[in-house]
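Peer 1: Here's a structure for you.
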Amino acid sequence: MPMKNKSQSMFFVIMLLIALLIGFQLARTGRLLALNWFFGIALGVVIHRSRFCFAGAFRDFFLFRDAALTRAMILVLATTTLGFAAIQFHAYLQGAPIPGKLYPAGLNTAAGAVLFGVGMVITGGCACSSLARLGEGFLLYTITFTGLLIGSLVGVFHYSFWKPILVDADPIFLPALLGWPAALTVQFALFGLIYYLVQSYEQQSISLFRRGSRCRNSFWMF
Amino acid sequence: MQEFFLDVLGEVCPTPLLKTQEKASRLKPGDVLVVETDFSRTVRNIINWSGKHGFEYDIEEIENGIWQIKIRINQQSPGG
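Note that the protein sequences, when read in sequence, are chains A and B. Here my numbering is used: the first residue of the first sequence is 1, the next is one more, and so on. Here my numbering is used: the first residue of the second sequence is 223, the next is one more, and so on.
Here it is, written out as structure tokens:
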């Protein structure tokens, strides 16, 4: 079969230059804007290279007993817990209001999660991975992304109807409830437990089959 | 020993791996299954799945964004 692999390094250089130009332009209006821009691009590269997918973290685990993404997601959550705890504790020490999106959780959260989960599996990805796949050039995701935009818009329009019915409670903030050390301990203990359960469930299925497959060049190409 | 081809171009997860599993379950040990996909996540899924079953595999990017994964079924596939 003839190789039709075209080098894309030219496009890479052009896009990199455009990204840098926009970044420097943004830096003139606000340093934070430029930081957001470069951080967003870096995050995109990581999601692209790692083929990360929130939907896959659940889908692959339950469907194929493949826990690679599930473990990655637990690590992401643990890392963000550390980061957010540091930022929030800093604000707490200074007596400032606690930053972060603290919303009340309830059955509405679970119902919404189920709806969103069904949508993710049908369309093939979560919000961030849809964006990443769209960026990779998978055109199907233009439809997914349009749907995501329409859904969010509709949600915004009738949010005021649901708010007094469903989300009119005080949010639970673990550190305020248990104190900082206990809250962090509980959170990390839960992460550890879930990681262990996921790992052992996957190992069970591996030991059923012969282990240690060999392959050529897959590591560098993927 | 025979070589089989599975075209899952345009399919998104989890369909490609489900089709691969289904096809592999009907192959005999020694057969080779070539899966062609343009979905990057699928390549990872199939690598993980092959690794778990101890199948040998090889990946080739035959065109920008299109991958062929060659899987050697070296034992009776238990499915799953």
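The C-beta atom is built at its ideal place from N, Cα and C for all residues, glycine as well.
(1) When you compare each of Asp170(A), Phe54(A), Asn5(A) and Ala105(A) to Leu72(A) by their alpha carbons, which one comes out closest?
(2) Should the segment 31-48 of chain A be called in touch with the segment 132-141 of chain A, which here means at least 3 C-beta pairs below 8 Å?
(3) Taking buried to mean at least 16 other C-beta atoms within 10 Å of its own C-beta, is Lys250(B) buried or exposed?
(4) Would Phe54(A) count as contacting chain B if we go by Cβ distances under 8 Å?
(5) Based on the DSSP secondary-structure assignment, which residues constitute the bridge partners of Phe58(A)?
(6) Would you call the segment 251-269 of chain B in contact with the segment 226-233 of chain B, where contact means no fewer than 3 C-beta pairs closer than 8 Å?
(7) Select from the segment 260-275 of chain B all residues with a C-beta closer than 8 Å to any C-beta belonging to chain A, and list them in chain order.
(8) Kindly say whether Ala68(A), judged by its beta-carbon, lies nearer than 8 Å to any beta-carbon of chain B.
(9) Return the residue from the list Ile268(B), Asn286(B) and Phe227(B) that minimises the CA-CA distance to Gly276(B).
(10) Looking at the unbroken beta strand (DSSP E) that takes in Tyr279(B), where does it start and where does it end?
(11) Tell me the rounded alpha-carbon separation between Asn296(B) and Gly252(B).
(12) Taking the alpha helix (DSSP H) that Glu136(A) falls in, what are its first and last residues?
(13) Judging by CA-CA distance, which residue of Gly112(A), Ser129(A), Ala68(A) and Ala105(A) is the nearest neighbour of Pro171(A)?
(14) Check whether the Cβ of Thr79(A) sits closer than 7 Å to any heavy atom of the ligand ADP, and report yes or no.
(15) For Leu140(A) and chain B, any beta-carbon pair shorter than 8 Å?
(16) Does any residue of chain B bring its CB to less than 8 Å from the CB of Arg59(A)?
(17) Cβ closer than 7 Å: which chain A residues qualify as neighbours of Cys239(B)?
(18) Check whether the segment 64-78 of chain A touches the segment 144-161 of chain A, taking contact to mean three or more Cβ pairs, one atom from each stretch, closer than 8 Å.
(19) Listing by chain order, which chain A residues have their CB less than 9 Å from the CB of Pro236(B)?
(20) For the alpha helix (DSSP H) holding Val230(B), just list the boundary residues, first then last.
(21) Flag this pair as yes or no: are the beta carbons of Tyr279(B) and Ile293(B) separated by less than 8 Å?
(22) Using the beta-carbon count (16 or more within 10 Å), is Asn270(B) buried or exposed?
(23) Compute the Euclidean distance between the alpha carbons of Ala110(A) and Leu190(A), then round it to the nearest angstrom.
(24) Would you kindly report the start and end of the unbroken alpha helix (DSSP H) that includes Leu20(A)?
(25) State buried or exposed for Phe62(A), treating a residue as buried only when at least 16 other CB atoms are found within 10 Å of its CB.
(26) Near Thr237(B), what residues of its chain come up, given a Cβ to Cβ distance below 6 Å and the 5 sequence neighbours on each side ignored?
Peer 2: Let me spell this out:
(1) One-based indexing of the first sequence puts residue 72(A) at position 72. According to the sequence provided, residue 72(A) is Ala. The question's Leu does not apply to it. Out of Asp170(A), Phe54(A), Asn5(A) and Ala105(A), Phe54(A) has the C-alpha closest to the C-alpha of Ala72(A).
(2) Yes, the segment 31-48 of chain A is in contact with the segment 132-141 of chain A.
(3) Within the second sequence, the letter at position 28 stands for residue 250(B). Counting the other Cβ atoms within 10 Å of the Cβ of Lys250(B) gives fewer than 16, which makes it exposed.
(4) Residue numbering aside, residue 54(A) sits at position 54 when the first sequence is read from its first letter. With 8 Å as the cut-off, Phe54(A) does not count as an interface residue toward chain B.
(5) Within the first sequence, the letter at position 58 stands for residue 58(A). Answer is none; Phe58(A) lacks a bridge partner.
(6) As far as the Cβ criterion goes, the segment 251-269 of chain B touches the segment 226-233 of chain B, which means the pair count is three or higher.
(7) Residues passing the 8 Å Cβ filter: Asp260, Phe261, Ser262, Arg263, Val265, Arg266, Asn267, Ile269, Asn270, Trp271, Ser272, Gly273, Lys274 and His275.
(8) For this step, residue 68(A) is matched to residue 68 along the first sequence. At a cut-off of 8 Å between C-beta atoms, Ala68(A) counts as an interface residue with respect to chain B.
(9) Against the second sequence, residue 276(B) aligns to sequence position 54. If we check each option's Cα against that of Gly276(B), Ile268(B) comes out closest.
(10) For this step, residue 279(B) is matched to residue 57 along the second sequence. Its beta strand (DSSP E) spans residues Glu278 to Glu285.
(11) In the second sequence, counting from the first residue as 1, residue 296(B) sits at position 74. In the second sequence, counting from the first residue as 1, residue 252(B) sits at position 30. Asn296(B) and Gly252(B) have their C-alpha atoms spaced approximately 5 Å apart.
(12) Taking the first residue of the first sequence as position 1, residue 136(A) is located at position 136. First-last of the alpha helix (DSSP H) with Glu136(A): Ala127 to Glu136.
(13) Within the first sequence, the letter at position 171 stands for residue 171(A). Checking every option, the nearest Cα to that of Pro171(A) belongs to Ala105(A).
(14) Because no ligand of any kind appears in the structure shown, any question about the ligand ADP cannot be addressed here.
(15) Reading the first sequence from its first residue, position 140 is the one you call residue 140(A). Under the Cβ criterion of 8 Å, Leu140(A) is counted among the residues facing chain B.
(16) Locating residue 59(A) in the first sequence gives position 59, counting from the first residue. Closer than 8 Å: yes.
(17) Here residue 239(B) corresponds to residue number 17 of the second sequence, with the count starting at 1. The question names Cys, yet the displayed sequence has Leu at residue 239(B). Chain A residues near Leu239(B): Phe64.
(18) Not touching, per the Cβ criterion.
(19) For the purposes of this step, residue 236(B) is taken as residue 14 along the second sequence, with counting starting at 1. Contact of Pro236(B) with chain A by beta-carbon distance below 9 Å involves Gly56, Arg59, Asp60, Leu63, Phe64, Val121 and Gly124.
(20) As a first step, residue 230(B) must be located in the second sequence, where it is residue number 8. Unbroken run through Val230(B): none, as it is neither H nor E.
(21) Residue 279(B) sits at position 57 when you count from the first residue of the second sequence. Residue 293(B) sits at position 71 when you count from the first residue of the second sequence. Result yes, Cβ atoms of Tyr279(B) and Ile293(B) sit closer than 8 Å.
(22) Here the question's residue 270(B) lines up with position 48 in the second sequence. A residue is called buried once 16 or more other Cβ atoms fall within 10 Å of its Cβ, and Asn270(B) is buried on that count.
(23) Here residue 110(A) corresponds to residue number 110 of the first sequence, with the count starting at 1. Here residue 190(A) corresponds to residue number 190 of the first sequence, with the count starting at 1. Distance between the alpha carbons of Ala110(A) and Leu190(A) is about 19 Å.
(24) Counting from one through the first sequence, the residue named residue 20(A) turns up at place 20. Counting along the chain, Leu20(A) sits inside the alpha helix (DSSP H) bounded by residues Ser9 to Thr29.
(25) As a working note, residue 62(A) is residue 62 in the first sequence. With fewer than 16 other Cβ atoms within 10 Å, it is exposed.
(26) Translated into positions along the second sequence, residue 237(B) becomes position 15. Apart from sequence neighbours up to five positions away, no residue of its chain approaches Thr237(B) with a beta-carbon distance below 6 Å.
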